[in-house]
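Below: the structure, in structure tokens.
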Amino acid sequence: MNAVTTNLCNGHLARLHSRESNIVSIDGGEFDYINWIRAQTRDHDAVPIGIGDDAAAVRFPSADDCLVAVDMLMEGTHFTIPAASAEQIGRKALAVNLSDIAAMAGRPRFALVSVALNRQHGSEFAQQLFVGLEHLADEFDVTLIGGDTNIWDGPFVVSVTIMGEETGSGPVARSGAKAGDWILATGRFGGSLNGKHFTFQPRVREALELHQTVSLHAMIDVSDGLAADLLHILDESNVGAVLNADAVPISGAAQSADDGRSPLVHALADGEDFELLFTVAADDGRRLIDSPPVAVELTKIGEIVEQKTRVLIDAAGQRLPLTRTGWEHSF
């Protein structure tokens, strides 16, 4: 598939109209696989040049900034096979990228998918991977426009690059939190224990609805862990925060965990909940809590302070340091 994408301005928006995905016998190699993928997609006005050329050309409705994100999933690090199915992996590969676009309050449009397939897994695995990805792409009107394919004897790797457009209010960065802001979160935390990292719903629609309702000062999707990702906002915004332990919404999976760690520790540190963590002015925070514009649960979990204090107030009222507990790749 294509290795690069060219961004052309103006034109009509693209929408993926999936054909029924048929798993077939592929006797050849990567080119037969690419042709099979190509047969599952249709031509679009917004993609004048798509799968099959050295680069794709895509059209955006305006000359506004294009949002671009990329995530890689690796066998042995993010999943194991056969514990995770190819369809689950394909879905997650796109879902984590959709979550990144949601964190910027953008609208996803196009995706490139690159894979290093292990030949031992066979062609059916490769097709099921695409099925999982395609179903989610169709749900969010995302068009697959290319990528790259390799087949080898090493571990399976999939990398997705997603392109989106900013909305009328512009992208929301991590760097806009202000003293006095409320810290709010969608959903509950610690759910990856129960497989949420494969089944989570990217909060794209919720982010857009929130963005239309109030002024979002800073936002991030919780992938590394609630504590770690809040600290990302604080670092980028050059502010501090007071987080209320009693207010943190904890998932049922974390509540019932029996591994020696408290439910709160799971909620703060486990990661891969892919909920939205954001800050808004106090008046806007009250408005969201009193009249939530989204169906998903919204919770105030703390406040932004001017000093670079990072404090967790526990159930007993003790002020504890908020530390960077969460996931980080290391050498």
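Sequential numbering from 0 applies to the sequence shown in numbering that gives the first Met the number 0.
Built from N, CA and C at the ideal position, the CB exists for glycine as well.
In the displayed model, I100 falls within a helix according to three-state DSSP.
Straight-line spacing of the CA atoms in R90 and A125 works out to 13 Å. The beta-carbon separation of L297 and T185, rounded to 6 Å, stays under the 8 Å limit for a contact. Counting only runs that start and end inside the stretch 111-172, the beta strand (DSSP E) elements of at least 3 residues fall at 142-151 and 156-165.
Taking the Cα positions, L319 is about 26 Å away from H216.
If you keep only unbroken alpha helix (DSSP H) runs of at least 4 residues inside the stretch 65-102, you get 85-102. Boundaries of the beta strand (DSSP E) around R318: R318 to P320.
DSSP, read as helix, strand or coil, puts G270 in coil.
Burial state of V171 is buried, judged by a 10 Å Cβ sphere holding 16 or more other Cβ atoms. The beta carbons of T324 and A227 sit closer together than 8 Å. Under the DSSP definition of a beta bridge, A178 lacks any partner. Of the candidates L276, V247 and E274, V247 places its Cα closest to the Cα of P262. Our two residues, I232 and M218, have alpha carbons roughly 7 Å apart in a direct line. Three or more beta-carbon pairs separated by less than 8 Å link the stretch 158-168 to the stretch 90-102, which places the two stretches in contact.
Of the candidates L275, Q127, W151 and V213, the residue whose Cα lies closest to the Cα of F188 is L275. Straight-line measurement puts the Cα of A110 at about 12 Å from the Cα of D137.
If you keep only unbroken alpha helix (DSSP H) runs of at least 4 residues inside the stretch 247-291, you get 251-254, 262-268 and 281-289.
A240 is positioned such that its CB atom lies no closer than 8 Å to that of L225.
The C-beta of E205 has 16 or more other C-beta atoms within 10 Å across all chains shown, which makes the residue buried.
Inside the stretch 180-224, DSSP marks whole beta strand (DSSP E) runs of 3 or more residues at positions 181-185 and 217-220, from first to last along the chain. DSSP, read as helix, strand or coil, puts N243 in strand. Look at A226 here: in three-state DSSP terms it is helix. A distance of 8 Å or more separates the beta carbons of A115 and P201.
Of the other Cβ atoms in all chains shown, 16 or more fall within 10 Å of the Cβ of T278; this residue is therefore buried.
Counting along the chain, R309 sits inside the beta strand (DSSP E) bounded by residues R309 to I312. Take D63, set aside five residues on each side of it, and the residues of its chain with a beta-carbon closer than 6 Å to its own are E165, in chain order.
G190 is a Cβ neighbour of S250, given a cutoff of 8 Å.
The residues A115, in chain order, have a CB closer than 6 Å to that of N149 in the same chain once the five nearest residues on each side in sequence are set aside. Annotation: G194 to G145 spans about 29 Å, alpha carbon to alpha carbon.
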